[in-house]
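Note that the protein sequences, when read in sequence, are chains A and B. Under our numbering, the first residue of the first sequence is numbered 19, with each subsequent residue one higher. Under our numbering, the first residue of the second sequence is numbered 297, with each subsequent residue one higher. C-beta: ideal position from N, C-alpha, C; glycine also.
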Amino acid sequence: GIQVEQSPPDLILQEGANSTLRCNFSDSVNNLQWFHQNPWGQLINLFYIPSGTKQNGRLSATTVATERYSLLYISSSQTTDSGVYFCAVDLGGSARQLTFGSGTQLTVLP
Amino acid sequence: GAGVSQSPSNKVTEKGKDVELRCDPISGHTALYWYRQSLGQGLEFLIYFQGNSAPDKSGLPSDRFSAERTGGSVSTLTIQRTQQEDSAVYLCASSFSQETQYFGPGTRLLVL
């Protein structure tokens with residue numbers, strides 16, 4: 019099956035710093051989503067981004083489908099950004115289930 | 297509008313008992329998915345319903361796991377004869393036309 023790798027596995031930042039999280043995938047995908055899992059375990063949608071670039075406030079994401087990777091940028095980080103960030107992909111067709119990476123644990127220090 | 301809801305929030309059961317977990321998807325969403333999140337396995341797919349089509353059960357770990365979706369809306373995931381390795385957070389998601397998946401808060405299952 020498809021492999022999804024995220025890096026770095028852990029990231030510690032000082033409040034106000036910027037960061038880049040990476041997601042590599044091993045095959046062509048139909049869909050790619052980025053999620054933030056908050057301390058209560060809720061998965062919050064950040065981006066639906068099979069290709070191109072999107073921005074939402076301090077967050078932006080870029081997916082280069084031909085090179086099989088996606089990047090999530092967090093600017094001016096805040097303590098509330100702490101948590102685990104997951105990327106997940108689906109293959110399309112009849113295979114719409116998401117395959118998740120192992121996540122990046124982000125800790126933003128005050 | 298209302299998001300995906302799941303019940304119960306937490307469930308503690310004894311090994312060998314059966315449990316039922318419920319998911320109410322976002323109104324109008326045609327696709328419904330079950331996943332589970334455990335420490336050793338990360339987030340993994342279990343089963344997928346799309347409209348009236350036969351469900352994709354390829355992620356179910358054993359025949360003790362089953363799920364149904366009644367009337368194209370509410371879904372129930374049943375685990376029979378629970379084992380300690382079934383302890384995990386069970387997450388439900390729904391989507392409209394197989395696009396962005398929206399997740400519920402999960403059910404935390406602990407098998408003693």
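List, in order along the chain, the chain B residues whose C-beta lies closer than 9 Å to that of residue i?
i        : result
A:Leu-77 : The premise fails here: A:Leu-77 is roughly 16 Å from chain B at the closest Cβ pair, so nothing lies under 9 Å.
A:Gly-59 : Gln-333, Val-385, Leu-387, Pro-401, Gly-402 and Arg-404
Taking residue i as the query, report the chain A residues whose CB atoms sit under 9 Å from its CB, ordered along the chain.
i         : result
B:Ala-327 : Arg-114
Might you give, ordered along the chain, the residues of its own chain that have their beta carbon closer than 7 Å to the beta carbon of residue i, omitting 5 neighbours on each side?
i         : result
A:Cys-41  : Val-22, Gln-24, Tyr-87, Ser-88, Cys-105 and Gly-119
A:Asn-48  : Pro-68, Asp-108, Leu-109 and Gly-110
B:Gln-333 : Leu-339, Ala-384, Val-385 and Leu-387
B:Arg-318 : Gln-302, Ser-303, Val-370 and Thr-372
From which residue to which residue does the beta strand (DSSP E) around residue i run?
i         : result
A:Gly-101 : 101-108
B:Asp-320 : 315-320
B:Arg-332 : 327-334
A:Ala-79  : 77-82
A:Asn-42  : 37-43
B:Ala-389 : 384-391
A:Trp-52  : 49-55
Compare the C-alpha of residue i against each of the options and name the closest.
i         : options                                    : result
A:Leu-61  : A:Pro-26, A:Ile-67 and A:Phe-53            : A:Phe-53
A:Ser-44  : A:Thr-98, A:Glu-85, A:Arg-114 and A:Thr-97 : A:Glu-85
B:Leu-335 : B:Asp-382, B:Tyr-344 and B:Asp-359         : B:Asp-382
Taking 6 Å as the limit between beta carbons, can you name the residues of its chain near residue i, skipping five residues before and five after?
i         : result
A:Thr-80  : Thr-71 and Leu-89
B:Glu-316 : Thr-372 and Thr-374
B:Asp-314 : Gln-376
B:Pro-321 : Val-300, Leu-328 and Ser-390
Which residues of chain B have a Cβ atom closer than 7 Å to the Cβ of residue i, listed in chain order?
i        : result
A:Tyr-66 : Glu-395 and Thr-396
A:Asn-63 : Thr-396 and Tyr-398
Once you ignore the five residues that flank residue i on each side, which residues in its own chain have a CB closer than 8 Å to its CB?
i        : result
A:Leu-31 : Ser-37, Ser-95, Leu-124, Thr-125, Val-126 and Leu-127
Give me the chain A residues within the contact set of residue i, using Cβ-Cβ distance strictly less than 8 Å, ordered along the chain.
i         : result
B:Phe-341 : Gln-115, Leu-116 and Thr-117
If contact means a Cβ-Cβ distance below 9 Å, which residues of the stretch 117-128 of chain A contact chain B?
Thr-117, Phe-118, Gly-119, Ser-120 and Gly-121
Residues, ordered as in the chain, of the stretch 374-404 of chain B that lie near chain A by beta-carbon distance below 9 Å
Val-385, Leu-387, Ala-389, Ser-391, Gln-394, Glu-395, Thr-396, Gln-397, Tyr-398, Phe-399, Gly-400, Pro-401, Gly-402 and Arg-404
Tell me which residues of the stretch 28-55 of chain A have at least one Cβ-Cβ distance to chain B shorter than 9 Å, keeping chain order.
Asn-48, Asn-49, Gln-51, Phe-53 and Gln-55
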